[in-house]
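See below:
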């Protein structure tokens, strides 16, 4: 971990730069995957599954027997935890449903705006060593609350053709009725195009490796929406020396264990605290199974010693996915932070709470996108349609305004669409 | 206008296909524009303005004298119309501001979500023959309501270095304090990068030609957000034979005059009405200054004669930017339409109302993006940040859940961030 004492703005800018988002150019590969699936549907999907996941599947779709078996296989303690987390996520996301808005802008002109669920949503959850069932909850529950009619999940099968029971149990809890054993770019392509068994979706959600990310961007060109641009996870921990170095070190490490490309920034006004935190990190690393990953991530991370007056500017420039704000400056800073995905307040609020169970969503903007993007919410699963109805009174009241403006924009046919209607009111 | 009587699904699909969104590959040109502006700032911007807009400017920024002169130059009737439209837009958009949401998900865990304005927004309004001052209102007013601290507008200068007074007056009414005389890809690049006089923005908004569209996509790769993918404007008019053919023809022509690539679909259950509408189009075309453009657009448009039972499916498959629903099936269809940008209800509700003055926004999803995207609103100018605070009680209540889940995901450091905190409560 680099330590920077009172760095100037230029140095800060360099340190806080994110690594180039190097989505490798996979256009040739992706074009072929998308073409093949367009042409041969399920057959192509199966072929890619054999090639990439080393498994030949009879059924792409998870059966109800498999769902039942998963529920039986899972320890009761984990089921209870998943249910508790789901309940909190549901409690926080339900009030995000917005009511219809009706405004009579002038007499006779009634405008409305209402949320309509996106018809078909495709969720992707990566496989690999750890089953990311928490992401199933974070995507599935808002989709259920939004009431999207078609909700499907794709996740890669293990080499024996199975899906981790925690993924299947979380899908049940989150109300995702349909799960397909498909991974990687072929899963994204299948959902973007649609096949005999996999419905075509309108929007794609979820994390993944560089193939999945590139495939989502490719799907976007075909008119399928995506949740948000993806990048490595990151945290900024801001604390003064009243805060336990053990807590700070644990939070930095929780972020660092995500991946070697994770970013971890510690912001403080105490050089002494930095030293204590470094020691605590060393101590805690010894017992972490993912210590090797965390060490690599920490190599690219930084501790910044700066007077508190500069903290808000640093945080807003960096626009981190997660900010943990602990200690005596919390109250002073909270409203000054305007660029962040999610903010964790106070010494007991480990970022892990938000990853799993506090109720907020863990799918958040990375790579500085928090300057303009929000995390996933019920909003991400709906679109808002506007409506207007103009009565004869409204036509008389507002028609002449529209005619004047349309003519000034040289759009005579626009004016005419009003005139022909006004003419009928003249008798 | 092609007339299709009872087309089957396959034929419908072909007819309703949108032309390939051919954003030409301008990577080489754009790379050079973005590089030059990064290197030389204003100097490069001026150079491009000289090359592309054929004008050498001393000042890129519109002065307060120019704003004053614009206000004086504009006819009183147009100023009154612009003010009336702005008032309606403001009335419809103000209730879109959302209140902070606070939820105690379980005792001791308080989660919040609040809207924060995007710090800097860059609006683009194209030049050309017609001054699109209505777009200035449609982007500027929601930005003002969202309270974005930095709101700038770029629009290309005329060959004498001036900006159309209606654009400047609309900017004043919409509360956009800063207008730059810059057009095309160089305007997008300048706002995405920032120069000595032009602030770097976090999000780019507004329509434009293929250079502007490509430049917005290019800026997105640099981490600048954009409002939505752009495509040609389109309308679907659905009406039975109780509706005046004059109104229908006028609405179809209002869309067709936008550009030769505009799309116009007429959906009805009466073959007789189609013939009457065709005649009305011919009659109205004779007096339209943009008849040549409208004729070209109409060549690619279609009238579909289908029983009303199939209308909702056709509309939702096409997902049009604008839907005009007139006549006796209105009530029956309104709630069945789930994919549309904005819906116009009833015989007096010409689509022109929404383009200018009803109060709804005219920046809407085209090209089928209405399946997953919403039009511009106050939401488009804010992001939502989530917050959580966990007390000692919350830590005890929810900590074990998080530990169980983190361990099941093999993320030990995540579990540890909770354990080290729980340990301090044990004494």
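Chains as they are written, first to last, in my numbering: chain Z, 1 to 427; chain D, 1001 to 1427.
Just so it is clear, CB atoms sit at the ideal spot from N, CA and C, and this is done for glycine as well.
Legend entry - N-terminal and C-terminal residue of the alpha helix (DSSP H) that residue 1402 of chain D is part of: Counting along the chain, the unbroken alpha helix (DSSP H) around residue 1402 of chain D starts and ends at 1392-1408.
Inset, instruction - Please classify residue 104 of chain Z: does DSSP put it in a helix, a strand, or coil? - result: The answer is strand: DSSP assigns residue 104 of chain Z an E or B state.
Legend entry - Distance CB(residue 288 of chain Z)-CB(residue 294 of chain Z) smaller than 8 Å: Judged by beta-carbon spacing, residue 294 of chain Z lies within the 8 Å limit of residue 288 of chain Z, meaning their Cβ atoms are closer than that value.
Inset, instruction - Just the chain Z side, please: which residues come within less than 8 Å of residue 1369 of chain D by C-beta, in chain order? - result: Near residue 1369 of chain D (Cβ distances below 8 Å), the residues of chain Z are 223 and 225.
Legend entry - chain Z contact for residue 1322 of chain D (CB, 8 Å cutoff): It does not; no Cβ of chain Z falls within 8 Å.
Inset, instruction - State the beta-bridge partners of residue 1322 of chain D as determined by DSSP. - result: Residue 1322 of chain D is bridged to D:1235 and D:1342.
Inset, instruction - Can you give me, in chain order, the residues of the segment 340-359 of chain Z that have a beta carbon less than 8 Å from any beta carbon in chain D? - result: Listed by position along the chain: 340, 341, 342, 343, 344, 345, 346, 347, 348, 349, 350, 351, 352, 353, 354, 355, 356, 357, 358 and 359.
Legend entry - Simplified DSSP state of residue 1047 of chain D, which is helix, strand or coil: In the three-state reduction of the DSSP assignment, residue 1047 of chain D falls in the helix class.
Inset, instruction - Determine the contact status of residue 1253 of chain D and residue 1204 of chain D, defining contact as a CB-CB distance below 8 Å. - result: In this structure, the beta-carbon distance from residue 1253 of chain D to residue 1204 of chain D does not fall below 8 Å.
Inset, instruction - Return the chain-ordered list of same chain residues with a C-beta closer than 6 Å to the C-beta of residue 110 of chain Z, the five sequence neighbours on each side being excluded. - result: Excluding sequence neighbours, residue 110 of chain Z sits near 104 and 389.
Inset, instruction - Output the distance between the C-alpha atoms of residue 1362 of chain D and residue 423 of chain Z, rounded to the nearest integer angstrom. - result: Our two residues, residue 1362 of chain D and residue 423 of chain Z, have alpha carbons roughly 25 Å apart in a direct line.
Inset, instruction - Give the interface partners of residue 1284 of chain D over in chain Z, defined as CB-CB distance under 9 Å, in chain order. - result: Within chain Z, the residues near residue 1284 of chain D are 413, 416 and 420.
Inset, instruction - Could you work out which residues of chain Z lie near residue 1398 of chain D, taking near to mean beta carbons separated by less than 8 Å? - result: Against residue 1398 of chain D, the close residues of chain Z are 84, 88, 353, 357 and 358, in the order they occur along the chain (beta-carbon pairs closer than 8 Å).
Inset, instruction - Kindly give me the distance between the Cβ atoms of residue 1001 of chain D and residue 1303 of chain D, rounded to whole angstroms, as I take these residues to be in contact under 8 Å. - result: Yes, residue 1001 of chain D and residue 1303 of chain D are in contact; Cβ-Cβ is about 6 Å, under 8 Å.
Inset, instruction - Indicate whether at least one CB of chain Z lies closer than 8 Å to the CB of residue 1262 of chain D. - result: Chain Z has no Cβ within less than 8 Å of the Cβ of residue 1262 of chain D.
Legend entry - Cutoff 7 Å; reference residue 188 of chain Z; Cβ partners in own chain excluding five residues on either side: Correct list, in chain order: 124, 204, 212, 215, 216 and 219.
Legend entry - C-beta contact flag for residue 1057 of chain D and residue 1157 of chain D at 8 Å: Cβ atoms of residue 1057 of chain D and residue 1157 of chain D: closer than 8 Å.
Inset, instruction - Compute the Euclidean distance between the alpha carbons of residue 391 of chain Z and residue 1231 of chain D, then round it to the nearest angstrom. - result: Distance between the alpha carbons of residue 391 of chain Z and residue 1231 of chain D is about 31 Å.
Legend entry - Whole-angstrom distance between residue 1301 of chain D and residue 207 of chain Z, CA atom to CA atom: Computed Cα separation, rounded: 40 Å.
Legend entry - Residues that DSSP places opposite residue 1267 of chain D in a beta bridge: Residue 1267 of chain D is bridged to D:1238 and D:1304.
Inset, instruction - Compare the C-beta of residue 1247 of chain D with all C-beta atoms of chain Z and state if any pair is closer than 8 Å. - result: At least one chain Z Cβ lies under 8 Å of residue 1247 of chain D.
Legend entry - beta strand (DSSP E) runs contained entirely in the segment 1158-1230 of chain D, provided each spans 3 or more residues: Counting only runs of at least 3 residues, the segment 1158-1230 of chain D fully encloses the following beta strand (DSSP E) elements, listed from N- to C-terminal order: 1178-1180 and 1203-1205.
Inset, instruction - On the DSSP bridge assignment, give the partners of residue 89 of chain Z in chain order. - result: Bridge partners of residue 89 of chain Z according to DSSP: none are assigned.
Inset, instruction - Verify the CB distance criterion: does residue 361 of chain Z have a CB-CB separation below 8 Å to chain D? - result: Cβ-Cβ to chain D under 8 Å: yes for residue 361 of chain Z.
Legend entry - Neighbouring residues, chain D, relative to residue 209 of chain Z (Cβ below 8 Å): Those within 8 Å of residue 209 of chain Z in chain D number zero; the least Cβ separation is about 17 Å.
Inset, instruction - Using 10 angstroms around the beta-carbon of residue 255 of chain Z, count the other beta-carbons present and answer buried if the total reaches 16, otherwise exposed. - result: When all chains shown are included, residue 255 of chain Z counts as buried.
Inset, instruction - Measure the CB-CB distance between residue 234 of chain Z and residue 322 of chain Z and report whether it falls below 8 Å. - result: Contact: yes.
Inset, instruction - With DSSP as the reference, label residue 434 of chain Z as helix, strand or coil. - result: What the structure shows of chain Z is the stretch from 1 to 427, and residue 434 of chain Z is not part of that stretch, so it cannot be assessed.
Inset, instruction - Tell whether a beta-carbon distance below 8 Å holds between residue 1290 of chain D and residue 1257 of chain D. - result: Contact flag set, yes.
Legend entry - C-alpha distance - residue 406 of chain Z paired with residue 49 of chain Z, whole-angstrom precision: Their Cα atoms are separated by approximately 56 Å.
Inset, instruction - Give the interface partners of residue 1257 of chain D over in chain Z, defined as CB-CB distance under 8 Å, in chain order. - result: Within 8 Å Cβ-Cβ: 411, 412, 413 and 414.
Legend entry - Chain-ordered neighbours of residue 103 of chain Z on chain D, where CB pairs are closer than 8 Å: Scanning chain D for C-beta atoms nearer than 8 Å to the C-beta of residue 103 of chain Z yields 1091, 1092, 1095 and 1359, reported in chain order.
Legend entry - Reduced DSSP secondary structure (H/G/I, E/B, other) of residue 261 of chain Z: It is coil, neither helix nor strand.
Inset, instruction - Out of D:1149, D:1305, D:1053 and D:1052, point me to the one whose CA is closest to residue 1009 of chain D's CA. - result: Ranking D:1149, D:1305, D:1053 and D:1052 by CA distance to the CA of residue 1009 of chain D puts D:1305 first.
Inset, instruction - May I have the straight-line CA-CA distance separating residue 1296 of chain D from residue 409 of chain Z, to the nearest angstrom? - result: The alpha-carbon atoms of residue 1296 of chain D and residue 409 of chain Z are separated by roughly 20 Å.
Legend entry - Cβ neighbour criterion (16 or more within 10 Å) applied to residue 342 of chain Z: Residue environment for residue 342 of chain Z: buried (at least 16 other C-beta atoms within 10 angstroms of its C-beta).
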